[in-house]
Structure formats: structure tokens, C-alpha cells
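Working notes, structure below.
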Amino acid sequence: SSSDSLFKDNGMFKEGQRPVLPPVDDEGCKAYADRYLNFFTPSALIGTRIVFYQHSAVGRDLLVDIFQQLGATVFPAGRSELIIPIDTEAITDDKLKDLQKLADEARDRHGVIHAIVSTDGDSDRPLLAGIDPKGKVHFLGGDLLGMLVAEFLGAKFIAVPISTNDAVDLKFIPNGVDPVKTKIGSPHVIKAMQNLLSEAKSGPVVGWEANGGFLVGSDITRKGRTLKALPTRDAALPLIAALTLAGEKEITLLELFSQLPPRFSQAALIDNFPQDDARALIRRFSPENPEIIEVEFKEADVFITKGDGLGEKAIRSLAEPFRRVQTELESFFTEELGFDSLIKLNTIDGVRVYFKNGDIAHIRPSGNAPQLRIYAVANSQERADSIARWGISEPDGLLRSLQRLVQT
């Protein structure tokens, strides 16, 4: 009954009912810090000057301490006792302006700043931004960040979600590492890493997500220091590794990222998007046979790939429905909007559409919120930004147009 409850009707504790919490146990924090202090050298970040955007992140003090112990000069900023939501996968223009303001204030007070680092609220996804010689802040996406961490660790086996920037293939396949693509979400990446390990794969096994959260599937030794496996999302490793790698190469963070294959990504979303409409949209453009995960259009032929990785030419009766899907999608992704012919569809998770000119548009509903996302990949950041911006524009952008299609 309400009289027996510890709480008032508004959810707050009744007078005299607030429980006394036990003392804070610092063992977990110490173990987490030691993980990185024992793997990286004490001088790993000497000379690196960073702004740590603290906001309401749970790791805001612990991570500052780790960076400082590794030699970085850290300027904490933007601390808040109110919860500030940070989506490290879809940094808005307003949030980028906030980061620019923090960088400008720090530069005015302290001099040269090399980077802004932060995490999301629960500190398992990193946020990283580089600063150019003119002081402009540049957000550095988590999928690209993951590639540099994999390089730093000497990864031989990689698992990433299908939404990851395809630069991962351009970077690693020529070196004999073929990244495994999974559904979106760390449990799927963890499962893929476990499969790689169970297949007696030797060598470093890693994974990451487009939000930057990095997972270590096996013990990894570098320069005589060992990093234990941690098959769960982490923000500290990618931030420290990228800054350390830039220092080792004696280049700036932006120069380091510029060495990656020139593919650029952006993500955006529409909030409060009806989930029934989102699911209907995905069904409309997906094969009826759920075993088919990819459809490729080559001149007059259609090729399909199933989940086992085996590809085959589609018979005419099977090819015709895919051709209709191709034609319908091309009526939205038009030449006037800069798109080329549609050459491939992937439906591992959502609908990922590939175009002959290298553009990629990936549509996917959130798994746990009424949101519909678009992931864009292109040969320039401006083009990726443009695709994402068009995707969520109101009232006639891609996602709203497709919504009207499935509602008719």
C-alpha cells in the first residue's frame, strides 16, 4: 500500500526514509585505470594537450585521471550536474558548436589545444574531435576511430556492424584481413568475435561499432605489454590509442585520420517515428526469403548472397521482384539529388543501398526507441552530410517520403 511505501506520490523519498548508501568501493575504478596504465607507457601522451568535455558522463573524473597519468595535459570543461544526452554516432550541428566554444575558451585561457575528448553518458562510447591549425573543431567518427585502434593493436581478425564506414574494407582487405559484418549492436559484434575465436583463429581479435565503442576479443600484446580481452564496449582504449598513435607517428590527429581511405560518413535520425511505419518500410524493400542478406545488380543479371556467405545468380522469377525494388528505390534516390544507379542492397540489419558512384544510404529503425536512422557514406564529407541531411529533412526528405509510401 502507499502507506508502506518509502516513496511519495511524486517518486521522491518520504522524510526520514532515504537509505544510507554503503561507502564507495574504488576497486572497480582502480582495476579499470590499471588496465590502461599497465598497457600504455607512462609517457604515451606527453605533449598532448586536450579538452575533456565532462558534461554528465559517469567516467568524467576517472578518465581525466587516466589521461593525466599517461602524460597528457588535460583541461576539464563543460561539467554538468544535469543529465546531458550525448549521441556519439550522430553529433548535431548544435553540439559541434558547443565543442567549438569549449575549444575556443580553452585556447584563449591555456594556449594550444590538440583535441577534444569525451564519452557518452555511461562512458562506454568515445567522442573525439580534432582541431585544425585555424582552431576549427572537426568531429571524428567512431567507425573511423575504430580502424585506427585496430591498426594500433595489429588486429588480424575484425568484426563490425554493417553500418560501419566501408573504408574498413578498403583499409584491411588488401592486408589480408576481411572484416566480418554483423547486425547492429554490441551483442552481435561479441558473437562474431566469439565465432572467430572458436574457429581457432590466432592473432588479435577486435570489434567496434559506428558509435566508437571498442571491444577486445582476445589478449593483445604490443611492445611487450599485454592488454587483456574485454569483449564489451569501451571508450577509454580508442581515445588513448588514437592519441598515442598520432604521437608515435609525430603527426596531428587530423593528419592521422587523413591517412585512412577517403570515405566519409554521417548519421542522422528522426525521433518519435512510428515503429509500425518503420518496420513496414524495411519489409517493403527486403527479400521475402530471410536467408537472403544481399542482392547485387550486374547489368542484366541479379546475384543473391545468403547468410552462409554463398552467392548465386538469381533465377528470373526471383530476380523480377528485386528489379522492382531497385526501380522503386531509384525513384527516390534520383539523379537530380546526385545519385547514380543502384547496384546493391544489403538487408543484414535494415536496408543498406549502394550506388555506382560510391554513395551509400542505410536506413534502419532503432531497436529500442521510436527512431528511424539514416547512415550515409560517400567520397566526401560534404556529400555524406548532404545525404543524411536530406534523409531527415521535413516534410519531404527521404524518410518522410518513404513513410508516406508505406502508409498508402
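Quick note on numbering: the sequence shown equals residues 21 to 428 in the numbering used here. We put the CB at the ideal spot given by N, CA and C, even for glycine.
- The three-state secondary structure of Leu392, taken from DSSP, is strand.
- Cβ-Cβ distances below 6 Å link Gln423 to Asp297 in the same chain, with the five nearest sequence neighbours on each side left out; the list follows chain order.
- For secondary structure counted as the alpha helix (DSSP H) over 4 or more consecutive residues, the segment 283 to 320 holds these complete runs in sequence order: 295 to 304.
- Taking the Cβ atoms as the reference, Thr68 lies roughly 6 Å from Gly267, within the contact range of under 8 Å.
- If you look at Phe375, you'll find it in the beta strand (DSSP E) that goes Val371 to Phe375.
- In this structure the segment 154 to 166 does not lie against the segment 211 to 222, because fewer than three pairs of beta carbons, one per stretch, are closer than 8 Å.
- Relative to Pro258, the option among Ala300, Gly31, Ile106 and Tyr56 whose CA is nearest is Tyr56.
- Using a C-beta cut-off of 8 Å, the segment 155 to 169 makes no contact with the segment 87 to 102, since fewer than three inter-stretch Cβ pairs fall below that distance.
- Gly150 and Val322 have their alpha carbons spaced roughly 43 Å apart.
- For Ser138, DSSP records a beta bridge to Leu147.
- Following the DSSP letters along the chain, one finds Leu247 in no alpha helix (DSSP H) but inside the beta strand (DSSP E) bounded by residues Arg245 to Leu247.
- In the three-state DSSP reduction, Val169 falls in the helix class (H, G or I).
- The Cβ atoms of Leu82 and Ala64 do not sit closer than 8 Å to each other.
- A check of alpha carbon separations from Val371 across Met32, Asp379, Ser306 and Ile104 identifies Ser306 as the nearest.
- Judged by beta-carbon spacing, Ile103 lies within the 8 Å limit of Gly141, meaning their Cβ atoms are closer than that value.
- The Cβ-Cβ distance between Ile312 and Asp186 does not fall below 8 Å.
- In its chain, beyond the 5 residues on either side, Tyr56, Leu83 and Ile86 have a beta carbon closer than 7 Å to the beta carbon of Ala256.
- With a contact defined as Cβ atoms closer than 8 Å, Leu273 and Ala135 qualify at about 5 Å.
- For Pro39, the secondary structure class from DSSP, reduced to helix, strand or coil, is coil.
- Collapsing the DSSP output to three states places Ile240 in a strand.
- Bridge partners of His75 according to DSSP: Arg99.
- Here the segment 282 to 298 makes contact with the segment 373 to 391; the two share three or more CB pairs at distances below 8 Å.
- Bridge pairing for Gly331: Thr325 [DSSP].
- The DSSP-derived three-state label of Asn366 is strand.
- Note that the C-beta distance between Arg283 and Asn58 is not below 8 Å.
- Close CB contacts of Lys191 within its chain, under the 7 Å cut and outside five residues either way in sequence, are with Met167, Leu280 and Pro281 (chain order).
- Of the candidates Asp369, Tyr374, Glu314 and Arg38, Asp369 places its Cα closest to the Cα of His208.
- Under the DSSP assignment, Phe59 falls outside any alpha helix (DSSP H); it carries neither an H nor an E label.
- Between Ile70 and Ala92, the beta carbon gap of about 6 Å places them in contact (Cβ cut-off 8 Å).
- Contact between Lys211 and Val180 does not hold, since their C-beta atoms are separated by about 13 Å, which reaches or exceeds 8 Å.
- In the three-state DSSP reduction, Phe359 falls in the coil class, being neither helix nor strand.
- The beta carbons of Ser23 and His75 sit no closer together than 8 Å.
- Contact annotation, Ile182 with Asn366: C-beta distance approximately 6 Å; criterion of less than 8 Å satisfied.
- According to the DSSP assignment, Lys191 belongs to the alpha helix (DSSP H) that extends over Ala187 to Phe192.
- Contact check for Ser206 against Thr241 fails: the beta carbons are separated by 8 Å or more.
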